[in-house]
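Peer 1: Be aware that the sequence shown starts at 1044, since it is given in this note's numbering, and climbs by one per residue.
Using N, Cα and C, we set each Cβ at its ideal position, and we do this for glycine too.
Keep in mind the model is a prediction, meaning the values are calculated, not measured.
First, the structure itself, so that you have it in front of you.
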Amino acid sequence: MQKIKVGVIGCGMVANSYLNTLQKFAHVEFGACADLMQERAEQVAAEYGFQRACSVDELLAGDDSDLVLNLTIPAVHCEVNLAILESGKHVYSEKPLGIKLEEAQQVLAKAKEKGLRVGCAPDTFLAGAQQQCRQLVESGAIGRPVAAFGAVSGHGPDAYHANPHFFYEEGAGPMLDQGVYVITALLPLFGRVKTVSARAQIGVTDRTVLTEQRFGEKIEIKTPTHLVCALECEEGGMANLMISWEIWASKLPNMEIYGTEGTMRLPHWNNYQSDFDLFTKEEGGGDWQNIETDRPYVGGSYRGLGMADMAAAIIADRPHRASGERANHVLDIMEGLVRSAREDKPIEMTTPYDRPELFAENVQEGEIDHLL
Ligand SMILES: NC(=O)c1ccc[n+]([C@@H]2O[C@H](COP(=O)([O-])OP(=O)(O)OC[C@H]3O[C@@H](n4cnc5c(N)ncnc54)[C@H](O)[C@@H]3O)[C@@H](O)[C@H]2O)c1
C-alpha cells in the first residue's frame, strides 16, 4: 500500500488526539516531528514512533514528511503554513488557517503556486453521526431546511488549559476557537453563507489562569467573549448562533436545525457524538426518535480524520474533504461576524464554498473510501 509520510510541527496538548487517530490508518506513517521546545518533540517522537525529533528547519529541509500537520498556536499558523508549502510539502493546519482572511488567502495562493494541497481542521463534520444527519437531510427527513440554532455556551479554557492566554488573542476567542465547529457543522447542511450580522461584548474582564503551571497569571482579553449572530445562507436558510465564554451552565441545545417537515437535534459539534434526535411531523403531532449511528468515527476523539482523508486523497488523486477552501469560507464567516459587531453593519461574504462529498456508507473504522 502506498503510504503518506506525516510530519508534525507543534507537539503541545492537542498533538496526542491527532496522533492517536492517525496511527489507526495503514496509509499514514510518521516521519519527523518538531517543536520550539525540543523536549516536547522528543517526547512525541518516542511515544508515537516518529523516525526523528528535530528542529522546524530540519523537518522542512528533510524528505521524511510529505504532508505536515501544523499544531502550533493560531498567531503563527499562517507563517508556519507558508513555510511548509515553501518547502514543497502539503500542509494540514489546525484551525484557523490564519488569524485573518487575508492570511488564509495567502496560504491558499501559495499552495496553488506550488501545486500543493492545504487541509484544515475542524474535521468533526466527517464523524459518522454528522455524516448520517447530512444524508438524512438530503433525503428529505425534515423537509426543506429553513433555520438553524447553534450555541457555544462555556466559560473558556482558563480552568483546563496549561497556557490559556492565546485563546483570548485575536484569531481565537469563542468565535474562532469554538464557533468554528458550529459553522463547520452548519455548512454541509445549509450551503454557502451569503451575509452575516452580529452584536458582541466582553463580560468578565478580569480572568486569571486557573491551571497549575501559570496559576494566577492575569489574562489579557483582546477579542469578544460573547457574540449573538445571524447568518443568511445562499440557499435560503438562516441560522442564529450564540457563541459565548460567559456561561457557567446552560441547558440550551448545542445545535438544532428546523425544516418544513421536522427538526433535527444534531450531535455535539465538537465531540464525535454517536447519536442525535429526529422529530418528524405527522398528522396530529409527531414524535422524537433517538438515532444511534452505525457509522464509524464516533464515540471518542477522531481529530485528524480530515488529515487521514487528505492523505488518502493524495494517494487516490481526488479532492480531500477538510479542504483549505472550506476553512477559508468558515474564516470569512467568523471574521465577518466579529467585524459586523465592531462596525455595526451586516457583512457580505466574499469566499466560495462547495459541499465536500459524503463518506461512502460502507466505510469501517480505520478505512477511508476511495482506498477500499
Ligand atoms: N488543546 C485543545 O484541546 C485543542 C483542541 C482543538 C484544537 N486546538 C488547537 O490546536 C492548536 C494547538 O493547541 P494546543 O492546545 O496543542 O496548544 P499548546 O500550547 O499546548 O501547544 C502548541 C505547541 O506549539 C509549539 N509552537 C508554537 N509556535 C511554534 C513555532 N513557530 N514552531 C514550532 N512550534 C511552535 C509550542 O511550543 C507548543 O508546544 C491551536 O490552534 C488550538 O486552537 C487545541
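Which runs of the alpha helix (DSSP H) fall wholly inside the stretch 1299-1328 and span at least 4 residues, in chain order?
Peer 2: You should have found no qualifying run.
Peer 1: Just to confirm before moving on: does the CB-CB distance between Ile1300 and Leu1232 stay below 8 angstroms?
Peer 2: As a working note, residue 1300 is residue 257 in the sequence shown. As a working note, residue 1232 is residue 189 in the sequence shown. In this structure, Leu1232 lies closer than 8 angstroms to Ile1300 by Cβ.
Peer 1: Would the beta-carbon of Gly1092 fall within 8 angstroms of that of Phe1068?
Peer 2: For this step, residue 1092 is matched to residue 49 along the sequence shown. For this step, residue 1068 is matched to residue 25 along the sequence shown. No, Cβ-Cβ distance for Gly1092 and Phe1068 is not below 8 angstroms.
Peer 1: Can Gly1050 and Leu1102 be called in contact, C-beta distance under 8 angstroms?
Peer 2: What you label residue 1050 is simply residue 7 of the sequence shown in a count that begins at 1. What you label residue 1102 is simply residue 59 of the sequence shown in a count that begins at 1. Yes, the Cβ-Cβ distance between Gly1050 and Leu1102 is below 8 angstroms.
Peer 1: Which residues bound the beta strand (DSSP E) around Phe1073?
Peer 2: As a working note, residue 1073 is residue 30 in the sequence shown. Element bounds for Phe1073: Val1071 to Ala1077.
Peer 1: From Phe1210 to Thr1266, what does the alpha carbon distance come to, in whole angstroms?
Peer 2: Along the sequence shown, one-based indexing puts residue 1210 at 167. Along the sequence shown, one-based indexing puts residue 1266 at 223. Approximately 9 angstroms, taken between the alpha carbons.
Peer 1: Going by the C-beta, is Asn1206 closer than 7 angstroms to any heavy atom of ligand 1?
Peer 2: Residue numbering aside, residue 1206 sits at position 163 when the sequence shown is read from its first letter. Asn1206: yes, Cβ under 7 angstroms from ligand 1.
Peer 1: Taking buried to mean at least 16 other C-beta atoms within 10 Å of its own C-beta, is Ala1026 buried or exposed?
Peer 2: A query on residue 1026 cannot be resolved here, the shown segment of the chain reaching from 1044 to 1415 and no further.
Peer 1: Does any CB atom of chain C fall closer than 8 angstroms to the CB of Met1218?
Peer 2: Of the chains in the structure shown, none is chain C; there is only one protein chain.
Peer 1: Do Leu1169 and His1133 count as a contact pair if the criterion is CB distance below 8 angstroms?
Peer 2: One-based indexing of the sequence shown puts residue 1133 at position 90. One-based indexing of the sequence shown puts residue 1169 at position 126. Taking 8 angstroms as the Cβ cut-off, His1133 and Leu1169 do not qualify as a contacting pair.
Peer 1: Buried or exposed, going by whether 16 or more other CB atoms sit within 10 Å of the CB of Lys1261?
Peer 2: Along the sequence shown, read from residue 1 onward, the residue named residue 1261 stands at position 218. By the neighbour-count rule (16 or more Cβ atoms within 10 Å), Lys1261 is not buried but exposed.
Peer 1: Is there contact here, the stretch 1185-1199 with the stretch 1215-1224, by at least three beta-carbon pairs under 8 angstroms?
Peer 2: Contact between the stretch 1185-1199 and the stretch 1215-1224 is present, because at least three Cβ pairs lie under 8 angstroms.
Peer 1: Measure from the alpha carbon of Leu1110 to the alpha carbon of each residue in Arg1385, Leu1401 and Asp1352, then state which is nearest.
Peer 2: Counting from one through the sequence shown, the residue named residue 1110 turns up at place 67. Residue Asp1352 is the option with its Cα nearest to Leu1110.
Peer 1: Does the separation of the CB atoms of Gly1162 and Gly1349 fall below 8 angstroms?
Peer 2: Walking along the sequence shown from the start, residue 1162 turns up at place 119. Walking along the sequence shown from the start, residue 1349 turns up at place 306. Result yes, Cβ atoms of Gly1162 and Gly1349 sit closer than 8 angstroms.
Peer 1: When you compare only the Cα positions, how much space is there between Leu1284 and Leu1309?
Peer 2: As a working mapping, residue 1284 is identified with position 241 in the sequence shown. As a working mapping, residue 1309 is identified with position 266 in the sequence shown. Approximately 14 angstroms, taken between the alpha carbons.
Peer 1: Just mark Tyr1203 as buried or exposed, buried being the case when its beta carbon has 16 or more other beta carbons within 10 Å.
Peer 2: Numbered from 1 along the sequence shown, position 160 holds the residue referred to as residue 1203. Tyr1203 should be labelled exposed.
Peer 1: What's the C-alpha gap between Glu1278 and Cys1272?
Peer 2: Locating residue 1278 in the sequence shown gives position 235, where the first residue counts as 1. Locating residue 1272 in the sequence shown gives position 229, where the first residue counts as 1. Cα to Cα, Glu1278 sits roughly 18 angstroms from Cys1272.
Peer 1: Cβ of Arg1083 versus every heavy atom of ligand 1: is any distance shorter than 7 angstroms?
Peer 2: Start at 1 with the first residue of the sequence shown, and residue 1083 comes out as number 40. Yes, ligand 1 has a heavy atom inside 7 angstroms of this Cβ.
Peer 1: Less than 8 angstroms between the CB atoms is what I'm expecting for Trp1291 and Thr1268, so what's the real figure, rounded?
Peer 2: The sequence position of residue 1291 within the sequence shown is 248, counting from 1. The sequence position of residue 1268 within the sequence shown is 225, counting from 1. Not really, about 13 angstroms apart at Cβ, beyond 8 angstroms.
Peer 1: Ligand 1 and Met1377: does the residue's C-beta get closer than 7 angstroms to at least one heavy atom of that ligand?
Peer 2: Position 334 of the sequence shown holds residue 1377. No, Cβ of Met1377 sits at least 7 angstroms from all heavy atoms of ligand 1.
Peer 1: Start and end of the alpha helix (DSSP H) containing Leu1151?
Peer 2: Residue numbering aside, residue 1151 sits at position 108 when the sequence shown is read from its first letter. Residues Leu1144 to Lys1157.
Peer 1: If we ignore side chains and look at the alpha-carbon of each, how far apart do Ser1293 and Gln1045 end up?
Peer 2: Here residue 1293 corresponds to residue number 250 of the sequence shown, with the count starting at 1. Here residue 1045 corresponds to residue number 2 of the sequence shown, with the count starting at 1. Ser1293 and Gln1045: Cα-Cα distance of roughly 48 angstroms.
Peer 1: The beta strand (DSSP E) spanning Met1353 covers which residue range?
Peer 2: What you label residue 1353 is simply residue 310 of the sequence shown in a count that begins at 1. It is not in any beta strand (DSSP E) - Met1353 instead sits in the alpha helix (DSSP H) that spans Leu1348 to Ala1359.
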